[in-house]
Amino acid sequence: MRPVSSRTSQAVLVRPSNWQQFTDFANVLKAFIGTSYLSLPFAFYQSGIVLGAVGLVIIATITDHCCQLIIKCKNAAVDMILHSSPKYQELQTEACYEEMAKIKETIEKEMTLGDIGKIAVGPWGSRLVNTALIITQTGFCIAYFIFMGNTHSGNVSYHL
């Protein structure tokens, strides 16, 4: 096993168990899809089948495009870091491709959305991205609570 990063030299890469992979998948599914799929029938009821299907395709296309842009930005940021590193330049001249791949893999795994924002815009980019993440995650939680409250309000009797 090899170290994950220079910051955590004791950490090693461990293949997650099937259960861990399943729980990670479920967490991502809940976080990114969450109440969206639960509220789709109501959205289609309000908009109609044709407009609902067209709207769904448009939103899915925009979401996919934005995800692809994030990946392209991350790849560009990783390349900027690698090409500005003297150690990486030295490895290129010595044709140490395995070591270069390890360095690139480590940077790719450790880079966050805030790091991409910082590389693109500076310190304010990181602050802006992290603030946007907090706002969107809070919005997701509020939407989930509203959905659950509206869904289960008929099941709870009001005794004060």
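Counting with this note's numbering, you get residues 2 to 161 for the letters of the sequence shown. Note that beta-carbon positions come from the ideal geometry of N, C-alpha and C, so glycine has one too.
- If you ignore the 5 residues before and after I50, its C-beta comes within less than 7 Å of no other C-beta in its own chain.
- Going by DSSP, M101 is part of the alpha helix (DSSP H) stretching over 98 to 111.
- Annotation: the continuous alpha helix (DSSP H) that includes G140 extends over 124 to 153.
- A direct Cα-to-Cα measurement between G155 and T62 gives close to 36 Å.
- Within a 10 Å sphere around the beta-carbon of V55 sit fewer than 16 other beta-carbons, which makes this residue exposed.
- Note that the stretch 138 to 156 does not touch the stretch 112 to 127; fewer than 3 beta-carbon pairs, one per stretch, sit closer than 8 Å.
- Counting of Cβ neighbours within 10 angstroms places K119 among the buried residues, the total reaching 16 or more.
- Secondary structure at G49: coil, using DSSP grouped into helix, strand and coil.
- The C-alpha of P42 is placed about 32 Å away from the C-alpha of T132.
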